Amino acid sequence: MMTPKEYEDSLRKLDLQVYMFGKRVENVVDDPIIRPSMNAVAYTYTLAADPAYRDIMTAVSHLSGKRINRFTHIHQSTDDLVKKTKMGRLLGSHTGCCFQRCVGMDALNALSIVTFDIDQAHGTSYYTRFVDYLIMVQERDLVCDGAMTDPKGDRGLPPHKQPDPDMFLRVVEEKAGGIVVRGAKAHQTGAVNSHEIIVMPTISMREEDRDYAVSFALPSDAPGITYIMGRQSCDTRKLEGGTMDMGNRFFGGHEALVVFEDVFVPWDRVFMYKEYEFAGKLVETFASYHRQSYACKVGVGDVLIGAAQTVAEYNGADRASHIKDKIIEMNHLNETLFCGSLACAAEGHREACGTYCVNTLLANVCKQNVTRFPYDMARLAQDVAGGLMVTLPSETDFRSPVTGKWVEKYFKGNASVSTENRMRILRLIENLTLGTAAVGYLTESMHGAGSPQAQRIMIARQVNMADKQKHAKRLAGILKD
Ligand code: SF4
Ligand code: FE
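Its first residue numbered 20, the sequence shown is counted upward by one per residue in the working numbering.
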């Protein structure tokens with residue numbers, strides 16, 4: 020396994036084409052806007068090397084028998100799935116943000132299932148190819164970006180009917196040694212902190228869309244791939260020098276638009292090629308795994324609850340019964356999210372290839388709750404914190420020889436707590452509910468791994484309604500047994 024330092028050094032060797040604020044980013048690793056997100060991914064290596072977390076953060080490869088980072092592991096049991104949930108919460112609580120590495124883990128596990136299934140149906144050899152690729156990822160302890168979401172253009176039209184045919188990523192040429200692809204993937208979490216990018220289709224497809232039914236993996240710096248960084252609310256605070264106004268002084272996440280401009284993919288890295296009838300299964304399997312992965316939000320919720328309790332104490336309001344009740348409510352919501360992720364893991368099942376997959380219905384229920392509860396928790400945290408969270412002057416004003424004394428004096432709460440510490444915890448709540456981390460904690464909770472309606476469709480499809488009606492009708496005397 021790599022150390023965090025080796026991970027950072029390995030990123031320095033990549034030649035990524037990254038653009039931000041209209042300019043090419045020459046030094047991605049040290050860029051102050053991007054750096055906190057690299058720190059968060061590096062922490063997946065830090066905790067894996069810590070003996071206290073070995074059981075959660077690492078696993079034994081079913082291929083090599085060697086100990087590997089759990090983020091590169093293929094789940095071999097429901098116990099592995101439960102540990103994956105616990106790993107998400109653990110890292111969320113240590114970083115207070117999106118640590119980005121789950122998408123690759125979920126893509127690898129989904130592909131292990133679907134490449135096997137395609138081979139069974141078509142006599143192809145995708146699974147062997149995929150296993151060779153997986154061995155390389157595990158040996159080198161790589162970070163993979165799992166790239167699913169296409170720009171999608173007009174939502175009412177399938178890929179082949181889009182006025183611009185590139186709105187879904189597609190095959191534009193077949194060559195002797197591989198294929199050429201064009202298109203883009205949007206909202207790519209952790210893209211520029213990744214060694215590899217694993218592309219999958221984003222929706223179920225019909226025969227007319229077969230050129231769009233493609234899955235493959237490429238090194239993240241393959242020729243023709245360009246990254247355009249997404250902005251985050253308050254992102255330029257990272258350029259201001261101090262740490263107070265950042266809220267979280269170490270960690271953050273990032274998303275990027277990844278453009279593929281006629282990129283060559285060798286055959287040994289192609290895992291689906293026009294088998295359109297398997298696009299839907301790959302999407303649903305990846306989505307189910309990733310809906311389980313949102314246990315990360317429980318860890319970030321732990322940080323938010325800790326911050327809300329702390330600010331209540333700093334404000335001198337922690338003994339008020341309504342404040343205590345709001346903190347209880349936050350804990351109730353957060354642990355309910357944890358229950359959903361644990362439940363879909365514990366109720367997982369073995370697929371034909373041997374990989375364990377989560378219970379689809381419960382994974383969708385878990386994620387549906389994630390689209391709501393972090394918003395409720397953010398509201399409660401802002402209620403407990405008070406309006407100062409958004410009206411507080413800057414760190415520079417706090418440090419100013421002219422205004423500092425007034426900021427110090429008038430923003431004092433509980434006399435035993437420094438004004439600086441009160442400001443720091445307020446800024447952390449601001450960061451989590453309105454700032455850079457709110458991308459991951461709120462909007463990503465809404466739309467990441469599929470928007471709320473996607474889960475409702477899956478819930479409707481997965482529940483056994485006939486069984487429910489049978490019980491009701493029997494008890495009411497409509498059905499005689
Ligand atoms: Fe992992 Fe959560 Fe970030 Fe998705 S949002 S990559 S599950 S930490
Ligand atoms: Fe996500």
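Don't be surprised by glycine CBs; every beta carbon is placed ideally from N, CA and C.
The model shown is predicted, which means the values in this text are computed figures rather than measured ones.
When you measure from the CB of residue i to every non-hydrogen atom of ligand 1, does any distance come out below 7 Å?
i           : result
residue 187 : no
residue 119 : yes
residue 107 : yes
residue 312 : yes
residue 122 : yes
residue 115 : no
residue 315 : yes
residue 214 : no
residue 179 : no
residue 359 : no
residue 463 : yes
residue 142 : no
residue 459 : yes
Can you pull the DSSP bridge partners for residue i?
i           : result
residue 376 : 368
residue 296 : Note: residue 296 sits in no beta bridge, so no partner.
residue 37  : 246
residue 207 : 275
residue 310 : Its beta-bridge partners do not exist; DSSP assigns none.
residue 238 : 215
residue 501 : What is shown of the chain runs 20 to 500, which leaves residue 501 out entirely.
residue 90  : Residue 90 is not bridged to any residue.
residue 10  : Coverage of the chain is limited to positions 20 through 500, which leaves residue 10 absent and any answer about it impossible.
residue 163 : 215
Leaving out five residues before and five after residue i in sequence, what residues of the same chain have Cβ atoms less than 7 Å from its Cβ?
i           : result
residue 493 : 500
residue 26  : 61 and 64
residue 393 : 316, 320, 460, 461 and 464
residue 240 : 33, 34 and 35
residue 31  : 48
residue 352 : 392, 395 and 396
residue 294 : 137, 141 and 232
residue 81  : 93 and 95
Below 6 Å CB to CB, which residues in the same chain sit around residue i once its five sequence neighbours on both sides are set aside?
i           : result
residue 349 : 324, 396 and 399
residue 130 : 149 and 290
residue 160 : 20, 21 and 88
residue 387 : 474
residue 278 : 203 and 245
residue 431 : 438
residue 37  : 44, 47, 211 and 246
residue 121 : 312
residue 454 : 252, 253 and 266
residue 145 : 134, 137, 138 and 290
residue 450 : 266, 267 and 456
Examine ligand 2 and report whether any of its heavy atoms sits within less than 7 Å of the Cβ of residue i.
i           : result
residue 467 : yes
residue 341 : no
residue 92  : no
residue 273 : no
residue 208 : yes
residue 351 : no
residue 81  : no
residue 490 : no
residue 368 : no
For residue i, which residues of its own chain have a beta-carbon under 8 Å away from its beta-carbon, when the five flanking residues on both sides are left out?
i           : result
residue 22  : 64 and 68
residue 76  : 63, 66, 67, 69, 88, 89, 106 and 109
residue 401 : 408, 448 and 452
residue 237 : 215, 216, 218, 244, 282, 284 and 288
residue 417 : 263, 423, 426, 427, 438, 439 and 442
residue 478 : 380, 383, 384 and 387
residue 242 : 282 and 283
residue 102 : 74, 75, 78 and 89
residue 261 : 414, 415 and 418
residue 194 : 283
residue 530 : Any answer about residue 530 is impossible in this case: the structure gives the chain only from 20 up to 500.
What is the C-beta distance between residue i and residue j, in whole angstroms, given that I count them as a contact (C-beta under 8 Å)?
i           : j           : result
residue 301 : residue 219 : 5 Å
residue 504 : residue 94  : The structure shown has nothing for residue 504, since the chain only spans 20 to 500.
residue 126 : residue 165 : 3 Å
residue 364 : residue 97  : 6 Å
residue 403 : residue 327 : 5 Å
residue 167 : residue 39  : The pair is not a contact, with the Cβ atoms about 23 Å apart (cut-off 8 Å).
So, does the CB of residue i fall closer than 8 Å to a CB anywhere in chain B?
i           : result
residue 192 : No chain B is part of this structure, which consists of one protein chain only.
Open item on the list: Contact between the stretch 306–315 and the stretch 357–367 is defined here as three or more beta-carbon pairs at a separation below 8 Å; is this criterion met?
Closed with: yes
Open item on the list: When you compare the stretch 97–114 with the stretch 319–336, are there three or more beta-carbon pairs, one atom per stretch, that lie closer than 8 Å?
Closed with: yes
Open item on the list: Check whether the stretch 180–198 and the stretch 219–234 are in contact - that is, three or more C-beta pairs closer than 8 Å.
Closed with: yes
Task: Touching by the beta-carbon criterion (3+ pairs, under 8 Å), the stretch 226–235 and the stretch 420–427 - done: no
Task: Cβ pair count under 8 Å reaching 3, the stretch 52–61 against the stretch 263–273 - done: The answer is yes - the stretch 263–273 touches the stretch 52–61, with three or more Cβ pairs under 8 Å.
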